[in-house]
Structures are given as C-alpha cells and as structure tokens.
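J.: The numbering of the sequence shown is my numbering, which starts it at 1 and goes up by one. Glycine is no exception: its CB is placed at the ideal position from the N, C-alpha and C atoms.
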Amino acid sequence: MIEALVSMVVLAVATTFTPGPSTLLAAASGARFGVRSTIPLMAGVAAGLASLMAAAAAGLIVLLQVVPSIHIAVKVLGSAYLLWLCWKISRTTPGGDEPGMLKSPVGFGAGMAVLLANPKAWSMAIAASATYAELVPNATLLALMLGAVFAVAAILATLFWCAGGMMLGSTLRSARQWKTVNLILAGLTALSITPLWL
Numbered sequence: 001m002i003e004a005l006v007s008m009v010v011l012a013v014a015t016t017f018t019p020g021p022s023t024l025l026a027a028a029s030g031a032r033f034g035v036r037s038t039i040p041l042m043a044g045v046a047a048g049l050a051s052l053m054a055a056a057a058a059g060l061i062v063l064l065q066v067v068p069s070i071h072i073a074v075k076v077l078g079s080a081y082l083l084w085l086c087w088k089i090s091r092t093t094p095g096g097d098e099p100g101m102l103k104s105p106v107g108f109g110a111g112m113a114v115l116l117a118n119p120k121a122w123s124m125a126i127a128a129s130a131t132y133a134e135l136v137p138n139a140t141l142l143a144l145m146l147g148a149v150f151a152v153a154a155i156l157a158t159l160f161w162c163a164g165g166m167m168l169g170s171t172l173r174s175a176r177q178w179k180t181v182n183l184i185l186a187g188l189t190a191l192s193i194t195p196l197w198l
C-alpha cells in the first residue's frame with residue numbers, strides 16, 4: 001500500500017506541475033490579481049481534480065467505455081471553454097477595462113469548471129485509476145487516495161504557478177509588456193489543448 005501511495009504522489013506531482021490550462025490560468029491570475037485573490041481558483045482546481053480522480057476510481061472508466069460519446073463531448077465542450085478563457089486572458093491589461101478581459105479573479109466555480117473541462121485531466125484520471133486499480137483493490141479506498149493525493153498536488157502546483165505569475169507581474173512596467181505576457185500565457189494555454197486532438 002505504501003508503494004502505491006508513493007507512486008501516486010510522484011505521478012501527481014509530475015502531472016499537476018506541468019504547464020496546462022489550470023496552471024497557466026493560475027499564473028495569469030497571480031500576475032494580475034496576486035496570490036490571495038487567486039485562492040478560490042486554486043481551491044476550485046483542487047476540488048475539481050479530487051472529484052474527477054475519485055469518480056474515475058469509483059467507476060467513471062466503465063461509463064466512458066459504455067458511452068464513448070461522453071468523452072468526445074467533454075473534449076469539444078472543454079476545448080471551447082478553454083479557448084474562451086484564452087481569449088479573456090489575451091485581452092487583459094493592468095487596470096484596463098476592455099470588453100472581454102478578466103476584470104476580477106476567477107473564482108472557485110470557474111476553477112472547478114476549468115479542471116473538469118480539461119480533457120487532459122480526464123485522461124489523467126482514467127489512466128491513474130486503471131494503473132492503481134490492481135495495487136489498491138478496494139475502489140472506495142482508491143477513490144479516497146487518488147482524490148486526496150491529486151487535490152494536494154493541485155493546490156501546490158497552482159500555488160507555485162500563481163506565485164510565479166505574481167513575481168512576473170511585479171516586473172512588468174508597461175501595458176505593452178502586460179499584453180505580451182498575457183498573449184504568451186493565452187497562447188500556451190491554447191497550445192496545451194492541441195495534444196488532445198492528435
């Protein structure tokens with residue numbers, strides 16, 4: 001059991017700290033609004049990932065095998081939502097009021113939605129559940145373990161990226177610099193969707 005837990009922690013750290021929609025959104029929010037204002041986003045991402053991991057361990061895999069169109073629908077809707085967020089990030093400037101920009105920090109519900117709309121997170125949840133199902137034969141225990149481990153990893157990862165964004169934001173002096181950074185973050189977030197369709 002300890003071996004399975006250690007392996008889960010390693011997988012959780014490796015998969016949650018890599019750039020993706022949630023981490024890049026945390027960086028953009030940190031740059032614009034700071035760490036304290038980004039806490040609801042981080043909590044939403046962690047709750048979303050914990051829920052998804054627990055659901056996958058509890059039987060989501062079977063449902064997706066029986067009704068594969070659910071997975072396709074998640075990819076389409078999730079990609080559309082993430083691209084909309086990219087557009088909002090790209091339009092954000094410090095103190096600006098352009099239509100379509102992020103005017104306030106992204107909250108808990110949106111953080112959870114970003115995570116649940118991310119097909120990469122779904123794939124990760126299914127793969128982790130399948131990998132550890134033999135090592136942790138009790139589905140309830142597996143759901144609790146995966147949910148807890150990935151929730152903690154998500155909090156740490158989004159905090160790391162948020163703090164990095166905040167440090168970057170403190171060095172930006174002009175509207176042009178802000179625009180460049182936001183375009184880069186939005187572009188990277190959009191690029192993180194591409195592998196889901198290959």
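Could you tell me if G169 is buried or exposed, where buried requires 16 or more neighbouring beta carbons within 10 angstroms of its beta carbon?
T.: Burial call: buried.
J.: What are the start and end residues of the alpha helix (DSSP H) that includes V74?
T.: Element bounds for V74: S69 to S90.
J.: Assess contact between the segment 131-143 and the segment 155-166, defined as three or more Cβ pairs (one per stretch) separated by less than 8 Å. Is contact present?
T.: Contact between the segment 131-143 and the segment 155-166 is absent, because fewer than three Cβ pairs lie under 8 Å.
J.: So within the segment 3-66, which uninterrupted alpha helix (DSSP H) runs reach at least 4 residues, ignoring any that extend past its ends?
T.: List check, alpha helix (DSSP H) in window: 21-33, 35-55 and 61-66.
J.: Using the C-alpha atoms, what's the distance from S7 back to W84?
T.: If I take the Cα positions, the gap works out to 35 Å.
J.: Check whether the Cβ atoms of P19 and S192 sit closer than 8 Å, and answer yes or no.
T.: Yes, Cβ-Cβ distance for P19 and S192 is below 8 Å.
J.: In or out: V114 buried (at least 16 other Cβ within 10 Å) or exposed?
T.: When all chains shown are included, V114 counts as buried.
J.: If you draw a straight line from the C-alpha of L77 to the C-alpha of C86, how long is it?
T.: Their Cα atoms are separated by approximately 14 Å.
J.: Could you check how far apart the C-beta atoms of T16 and A163 are, in whole angstroms? I think they sit under 8 Å.
T.: The pair is not a contact, with the Cβ atoms about 15 Å apart (cut-off 8 Å).
J.: Please tell me whether G111 and A43 are closer than 8 Å, where the distance is taken between their beta carbons.
T.: Cβ atoms of G111 and A43: closer than 8 Å.
J.: Let's see if you can read the secondary structure: which residues bound the alpha helix (DSSP H) around L116?
T.: It spans F108 to L116 - the alpha helix (DSSP H) in which L116 sits, taken as one unbroken run.
J.: Classify F126 as buried or exposed, calling it buried when 16 or more other Cβ atoms lie within 10 Å of its own Cβ.
T.: Just to set this straight, residue 126 is Ile in the shown sequence, not Phe. With 16 or more other Cβ atoms within 10 Å, it is buried.
J.: Going by DSSP in three states, S202 sits in which element: helix, strand or coil?
T.: No answer is possible for residue 202: the residues shown for the chain start at 1 and end at 198.
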